[in-house]
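See below for the structure under consideration.
Number of protein chains: 4
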Amino acid sequence: MIKVSVVGAKGRMGGNVVGAVNDAADTELALALDAGDDLTRITPENTDVVVEFTVPSVSLDNVLTLIGQGVDVVVGTTGWTDEKLDQVRTALASAPREDQAVFIAPNFAISAVLTDYFAGIAAKYFESAEVVEMHHPNKVDAPSGTAIHTAHTIAEARKAAGLAPVPDATETDGGSRGQVVDGIHVHAVRLRGLNAHEEVLLGNPGEQLVIRSDCFDRGSFMPGVLLAVRNVSSHPGLTIGLDNFLSL
Amino acid sequence: MIKVSVVGAKGRMGGNVVGAVNDAADTELALALDAGDDLTRITPENTDVVVEFTVPSVSLDNVLTLIGQGVDVVVGTTGWTDEKLDQVRTALASAPREDQAVFIAPNFAISAVLTDYFAGIAAKYFESAEVVEMHHPNKVDAPSGTAIHTAHTIAEARKAAGLAPVPDATETDGGSRGQVVDGIHVHAVRLRGLNAHEEVLLGNPGEQLVIRSDCFDRGSFMPGVLLAVRNVSSHPGLTIGLDNFLSL
Amino acid sequence: MIKVSVVGAKGRMGGNVVGAVNDAADTELALALDAGDDLTRITPENTDVVVEFTVPSVSLDNVLTLIGQGVDVVVGTTGWTDEKLDQVRTALASAPREDQAVFIAPNFAISAVLTDYFAGIAAKYFESAEVVEMHHPNKVDAPSGTAIHTAHTIAEARKAAGLAPVPDATETDGGSRGQVVDGIHVHAVRLRGLNAHEEVLLGNPGEQLVIRSDCFDRGSFMPGVLLAVRNVSSHPGLTIGLDNFLSL
Amino acid sequence: MIKVSVVGAKGRMGGNVVGAVNDAADTELALALDAGDDLTRITPENTDVVVEFTVPSVSLDNVLTLIGQGVDVVVGTTGWTDEKLDQVRTALASAPREDQAVFIAPNFAISAVLTDYFAGIAAKYFESAEVVEMHHPNKVDAPSGTAIHTAHTIAEARKAAGLAPVPDATETDGGSRGQVVDGIHVHAVRLRGLNAHEEVLLGNPGEQLVIRSDCFDRGSFMPGVLLAVRNVSSHPGLTIGLDNFLSL
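Those protein sequences? They're chains G, W, F and Z, same order as listed. Per our numbering, the very first residue in the first sequence carries number 61; after that it's consecutive. Per our numbering, the very first residue in the second sequence carries number 61; after that it's consecutive. Per our numbering, the very first residue in the third sequence carries number 61; after that it's consecutive. Per our numbering, the very first residue in the fourth sequence carries number 61; after that it's consecutive.
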């Protein structure tokens, strides 16, 4: 039984994590803390793994405190810069336990992680590739960080394989061809009713491969969070990306 | 039996029309002419309907000549301006036969015509609407004329229903949100292997309606061409758009 | 302001209706009743329209009582047989008010209603047609009532147009071709993560038309429920199907 | 420059291979033979690799003859039984050249091969999985061999991971749930206008992963045939499946 504490337990994601930890057969809830609570109540005695789902402005401080407490941490909060990640690495180097672990995932949805991974494998076999992401209309950034990441994944695979640029005879366009990320066209749709979806289109003469991830709600993150909770402690140091915990 | 002559019979579309006319049970091929052939060989004696599939630079002259010959004409060539259309109307006004007919279609694919028509009906019931068109990478214009037309169809339906603008909280975007046509975002994908495809996405809280047309090859135009051949003569004057021949 | 009472207010659907009625600008909540409550508290003085969302075993009795109270009723409960509908018609014939109205909808999702309606229009123009419905794996009936309805809609349109049966050279099949409803093949997918989705595929040589409805959650029914609330009173007698309230 | 002979050159697939071999920069056409032609004209002097695209009734004899001629063979003909494969292995054991190679692929479309491969990787991470294949209505077998193969791939991955059977509460069904292959439901759609398409649907709470292959025409096989032509000679013995030549 893995003892799991949740930081940000009153937030929408954190609340879902509390439920998922309670429901899973191999995890049990230790402490459920939120803003204002004392994080030093979390110790190796009551907690194996902490799940931190708060906001970018406080997440780094939380993680540094939790490292100091000697517990392993799974981080779901976004907004991590290289500088912040370096601070985490430094803190881990002088952590109480030698094999202490922190895991950060830009996206916990297994379908999204696999879409990115499969796009990277398939890209070198196709002449064309484009990315279409679709989200609810309240999202403020476009395209999504996940779509940008996938575009880079595709672009790197194409470069490694020595592929020519994607074919495109477009002469006149008023903006419909989307944003070009590292040579790959990325399109963002905003539609009421949708949540978070990504589609990778790969084309050859006479054939198309489509890889699509649909995240219908926050519940889509829970299998990935639990996967991280189960695997973080066997991966000492800082690990970034759920693909590290999948057998790919 | 409808006697059909084809002008532009050696072109890719015209060649397909010749085959479709030969295959259909209620049509028979009269004359198959191409560049350099004398169009005045086509007369009411040998021909009921002419299908003209050539290039924009010669199509107007062909149509005016054919009107003068006293036959009905189905035009598949694109590039028609308001000025050119007026010349056709003028010619029809003094045509040999009183009930003579010319039909021009921007798109002969029934799936594409219905997608546009359905989008217009559905648009007023949905908070969000976007258009994604997908074509082969040799296409020079983006977005497609059909997608622009569909965006206008949606926009007009929304205005008539008094809908607010589509919701969109996007604050930062490098171009991924596509081209805004009359308030509707239009995206163009270019992918080897595809031919001509259009997808209309309509969203409400908790639901989505998707209407999609796939034109896999030139054969997709033939049912629409035959529909026009069968209906043109009962619609005297100039008719534009295949929706006029569908029972909608 | 339309005064709306809700019967079944503690159920999952009823609870959503209460929220939708509170949120909409032109409706206000009158009474929210549930099992055990006295329905005769609902009167023309406090209520314009009642929304009934309970279970098939009690819905008929509820509706008959509400008709006797002299109010208009929108029914979301399923399980209506011809016999039950006749009882409603009889009750309406001797209702307190002459123009009293009851509305029953098999499906309140506008995207689902339009998918069915568009399938009926498009069917006569396509050689092939099949229906694929996709639901969560807790659903006990397959295929869905909506998919069966759509298959009948398509079949009737094909018959009216004199179309031949759909082409199908299948010689060996172990069940993969699905259930044949009135000549139309219907397939049912059950997948964790999905809610209620239907896809109509229509095919001609070289082209395909796809019409798809995605109902991601119960919220997808609310725009349709509000549409019914706003329209029921101007349609005296028994009306079945949301398409009657759409301008189609 | 790889010297390629084609057996079955007048067939539809063989004709496409001749074109692809002529078009590619690193291959040149040696002999183009068809039924009635003497296969012993093909020798190591004029040919590096033979592509055999004929019919099941003659393919084994052709391959055995070609092995005897001392050339490497890429086989696109279907209908290979274990017994036939054993005859190929036996012939290879006493072939003129020690490192002689034969390659047989059930499917040359890279998108189809990757769909099957990705389904195998992803299957263990999802609670639900179903397969939908879609083909032209002239196909006599349902479901397709490729879909059956994918169902087995998914089933084996689930078993290896110790997953429970897919959830399915269906109580009443008239056949819409499709054919159950090794515990996985497989659906077959037949639609005019389509060619060969396969969709794998994988579901978890709140999320879906879709992997789809579209083979629009015979041209979709050519990149795979060329990949095989380039790789067969470095894989002595009998190799089955294009995945062996992909860097997966």
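From the three backbone atoms N, C-alpha and C, an ideal C-beta is built for every residue, glycine too. If you're wondering where the values come from, they're calculated on a predicted model, not measured in any experiment.
- Below the 8 Å Cβ cutoff, chain W contributes no neighbours of G/D146, its closest Cβ being approximately 25 Å away.
- Put simply, of W/F113, W/G79, W/A85, W/M61 the residue whose alpha carbon is nearest the alpha carbon of W/G71 is W/F113.
- The Cβ of G/F276 sits closer than 7 Å to at least one Cβ of chain F.
- If you look at Z/T138, you'll find it isn't in any beta strand (DSSP E); DSSP assigns it neither H nor E.
- Annotation: G/R250 to W/E187 spans about 11 Å, alpha carbon to alpha carbon.
- In this chain, G/G234 is not harboured by any beta strand (DSSP E), its DSSP state being neither H nor E.
- Distance between W/S204 and W/A248, taken at the CA atoms: about 8 Å.
- Z/L269: member of the beta strand (DSSP E) spanning 267–275, first to last residue.
- Collapsing the DSSP output to three states places G/G263 in a strand.
- Residue contact check for G/I214 against chain Z: no CB pair falls below 7 Å.
- Excluding five sequence positions before and after G/Q147, the CB atoms of its chain that fall closer than 8 Å to its own CB belong to L120, L124, given in chain order.
- DSSP, read as helix, strand or coil, puts W/S188 in strand.
- Between F/V289 and F/V131, the C-beta spacing is not below 7 Å.
- Per the C-alpha coordinates, the member of F/P166, F/A220, F/N198, F/R237 positioned closest to F/V285 is F/P166.
- The C-alpha of W/T87 is placed about 10 Å away from the C-alpha of W/V78.
- Between the region 99–107 of chain F and the region 296–307 of chain W there are fewer than three C-beta pairs closer than 8 Å, too few to call the two in contact.
- Using a C-beta cut-off of 8 Å, the region 227–243 of chain G makes no contact with the region 220–231 of chain W, since fewer than three inter-stretch Cβ pairs fall below that distance.
- Chain W places no beta carbon closer than 7 Å to that of F/F305, leaving this residue out of the contacts.
- Look at F/R250 here: in three-state DSSP terms it is strand.
- Contact between G/P197 and G/R278 is ruled out by a C-beta separation of about 18 Å, above the 8 Å threshold.
- Chain Z places a beta carbon closer than 7 Å to that of G/Q268, counting this residue as a contact.
- G/G235 belongs to the set of residues whose beta carbon lies under 7 Å from a beta carbon in chain W.
- For F/I300 against W/Y185, the beta-carbon gap comes to about 19 Å, at or over 8 Å, which does not count as contact.
- Spanning the alpha carbons of F/I214 and G/S280 requires a straight line of approximately 35 Å.
- As the crow flies, the alpha-carbon of W/I164 is around 40 Å from that of G/V241.
- Annotation: Z/N82 to Z/V111 spans about 13 Å, alpha carbon to alpha carbon.
- By the Cβ-count criterion, Z/S154 is exposed, with fewer than 16 other Cβ atoms from all chains shown falling within 10 Å of its own Cβ.
- If you draw a 10 Å sphere on the C-beta of W/G263, you find 16 or more other C-beta atoms in it, and that means buried.
- The C-alpha of F/F178 lies about 15 Å from the C-alpha of W/E259.
- Membership of Z/G74 in the alpha helix (DSSP H) is indicated by the continuous run 72–83.
- Short of 6 Å from the beta carbon of Z/E193, and not among the five residues preceding or following it, lie these beta carbons of its own chain, in chain order: P203, S204, A207, A248, E258.
- Sorting G/N76, G/G75, G/M73, G/L91 by C-alpha distance to the C-alpha of G/I62 places G/L91 at the top.
- When 7 Å is used as the limit between beta carbons, Z/G238 is near these residues of chain F: G235, S236, G238, H247, in chain order.
- In the DSSP annotation of this structure, G/E88 is not part of any alpha helix (DSSP H); the continuous beta strand (DSSP E) holding it starts and ends at 87–93.
- Per DSSP, the unbroken beta strand (DSSP E) holding Z/E112 starts and ends at 109–112.
- Proximity of W/N198 to chain G, defined by a Cβ-Cβ separation below 7 Å, is satisfied.
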